[in-house]
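Going by this note's numbering, the first residue of the sequence shown is number 4, and it counts up by one from there.
Notes follow the structure.
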Amino acid sequence: MANRWKNDLTWDDVTPEKAFLNRRQIIAGMAGVAAGAIAGPAFADKLEPNSYEDITSYNNFYEFGTGKDDPKRYAGALTTKPWSIEIDGMVDRPGTYSFDQITSGMTIEERIYRFRCVEAWSMVVPWNGFELSDLLNRVGVQSGARYVAFETAYRPDEMRGVAFPVLDWPYREGLRLDEAMHPLTIMATGLYGRPMPNQNGAPIRLVVPWKYGFKSIKSIVRITLTADQPPTSWNMSNAREYGFYSNVNPEVDHPRWSQATERRIGGGLFAKRQPTLMFNGYEREVASLYRGMDLTKFY
Ligand SMILES: Nc1nc2c(c(=O)[nH]1)N[C@H]1C(S)=C(S)[C@@H](COP(=O)(O)O)O[C@H]1N2
Ligand SMILES: [Mo]
C-alpha cells in the first residue's frame with residue numbers, strides 16, 4: 004500500500020502536460036519562473052503565479068490572528084530554528100526527526116499549484132518541496148495504517164492568536180493514506196525559491212492542491228499514522244461547514260456561501276470571478292481516489 008503510487012504510476016500518468024514546471028528543476032530564484040512555460044491545457048492562463056508580495060501578505064494562519072494581514076505582522080515571532088517533527092503511530096521507524104534529517108536527500112522541486120481557499124479566493128503559488136510519500140516511505144508505513152494526522156506547533160509565547168479559542172489548538176489536519184501518498188501531495192519548505200516565510204508556515208508545511216486551503220497545515224511538528232480517521236480542527240469547530248475530505252467542489256456549497264466561483268487574489272478589485280474547477284483543476288489526477296463516494300456526503 005505504502006508504495007502504491009511509486010510502483011503503479013509513472014509521473015506521466017498523473018501529470019497533465021506541463022501542469023507543473025519541470026518536475027526535477029530546482030529553481031534558484033524568481034528569475035527561473037517563466038509564466039509562459041507553465042500553462043497546461045486544463046489550466047489555460049490560470050497558472051501564472053501570484054506575486055511574492057501577494058502570497059506573503061494575504062494569509063490565513065490563525066495562530067497569529069484571524070486577520071489576513073496578521074500572519075505577516077506577527078508570525079515573525081515563531082522560532083523556526085531548530086525545528087523537528089515527531090513522526091509516530093503506525094510506522095516502522097518512529098522518532099523525532101530534525102528539519103535537516105527530514106530534508107536531507109530529498110529532491111526539492113518547484114511545484115506551481117493552484118491554491119483555493121474555502122473562503123472562495125485563490126492564488127497560484129510556486130512552492131518548493133518534496134513529496135510527502137518520500138518521507139512516509141522513509142519512516143515505513145505499517146500495513147494497518149489508513150490515515151495520516153498532522154499537528155502544528157502550539158506556542159502560546161510566540162503565537163498571540165492561540166490565546167483566543169477560535170479553533171481547538173493545536174491546529175490539526177488529516178488525510179486518508181492514499182491522499183497522503185498521492186504524488187501531488189507535498190511537504191513545502193519554501194516558495195519562489197526562498198525558504199518558507201513564517202506567515203506561510205515555516206519551516207515546513209503541507210500542500211494538497213485539490214483540497215481547500217485549510218487542509219494545507221502549516222509549521223508542522225507532528226505526523227501520526229493511524230488506523231482511524233483523525234479529528235481535524237475545522238471539522239471539530241464546525242462539522243456542518245467543514246468535512247474531513249474538503250475537496251474543492253463547485254457543486255457543494257459551503258452552508259453560508261457559494262463555492263461555484265472564486266476571486267483570484269491580485270486580480271484587482273473589479274476582476275471577474277472565475278469559475279471554480281472540480282478538485283481545483285486536478286480532477287484528472289485525483290478523481291479516481293473518490294470513485295464510488297458520494298461527495299455531497301463526504302464533503
Ligand atoms: N497551522 C495552521 N495552518 C493553516 C491555517 C491556520 O490557521 N493554521 N490556515 C489554513 C488556511 S484556511 C489556508 S487558506 C491556508 C493559507 O495558506 P497561505 O497563507 O500560505 O496562503 O493555510 C492553511 N493552514
Ligand atoms: Mo482557507
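Glycine residues also receive a C-beta, built at the ideal position from the N, C-alpha and C atoms.
Only a predicted model underlies this, so the values are computations on that prediction, with no experimental measurement involved.
As computed with DSSP, residue 257 is found in a beta bridge with 260. Check the Cα spacing between residue 123 and each of 204, 222, 261: the tightest is with 261. Around the beta carbon of residue 249, 16 or more other beta carbons lie within 10 angstroms, which makes this residue buried. In summary, residue 258 is exposed, with fewer than 16 beta-carbon neighbours lying within 10 Å of its beta-carbon over all protein chains present. Using a Cβ distance threshold of 9 Å, residue 194 and residue 186 do not count as a contacting pair. Going by beta carbons, residue 221 and residue 118 fall outside the 9 Å limit. Residue 223: not part of any alpha helix (DSSP H); member of the beta strand (DSSP E) spanning 223 to 229, first to last residue. Taking each of 226, 247, 239 in turn and checking the Cα distance to residue 105, the smallest one comes out for 226. Those residues that bring their Cβ nearer than 7 Å to a heavy atom of ligand 2 are 63, 120, 121, 122, 215, 216, 217. Each of 130, 93, 60, 57 was checked against the Cα of residue 152, and the nearest Cα belongs to 93. Three or more Cβ pairs drawn from the region 138 to 156 and the region 172 to 187 lie within less than 8 Å of each other, which places the two stretches in contact.
Going by beta carbons, residue 145 and residue 179 fall outside the 9 Å limit. By a beta-carbon distance limit of 8 Å, residue 206 does not contact residue 301. Their separation comes to about 32 Å. Between residue 181 and residue 272, the CB-CB gap reaches or exceeds 9 Å.
Here the distance from the Cβ of residue 201 to the nearest heavy atom of ligand 1 is not below 8 Å. Remark: C-beta atoms of residue 113 and residue 190 do not approach each other more closely than 9 Å. Beta-bridge analysis with DSSP links residue 214 to 250.
For the set 90, 97, 130, 141, the Cα lying nearest the Cα of residue 109 is the one of 141.
The criterion of a C-beta distance shorter than 9 Å is not satisfied by residue 296 and residue 251. Contact between residue 203 and residue 59 holds: CB atoms are separated by about 6 Å, below the 8 Å threshold. Counting only residues of its own chain and dropping the five nearest sequence neighbours on each side, residue 269 has a CB closer than 7 Å to the CB of 53, 54, 57. Scanning 136, 78, 299 for the CA closest to the CA of residue 209 turns up 136. Here residue 277 is bridged, per DSSP, to 265. Taking 9 Å as the cut-off, the beta carbon of residue 80 is found closer than this to the beta carbon of residue 161.
Only residues of its own chain outside the window of five on either side were considered, and among them none has a CB closer than 6 Å to the CB of residue 294. In this structure, residue 213 sits away from residue 147, with a CB-CB distance that is not shorter than 9 Å. With distances taken between CA atoms, residue 84 lies nearest to 198 out of 98, 143, 138, 198. Within the chosen limit of 8 Å, ligand 1 does not reach the beta carbon of residue 300 with any heavy atom.
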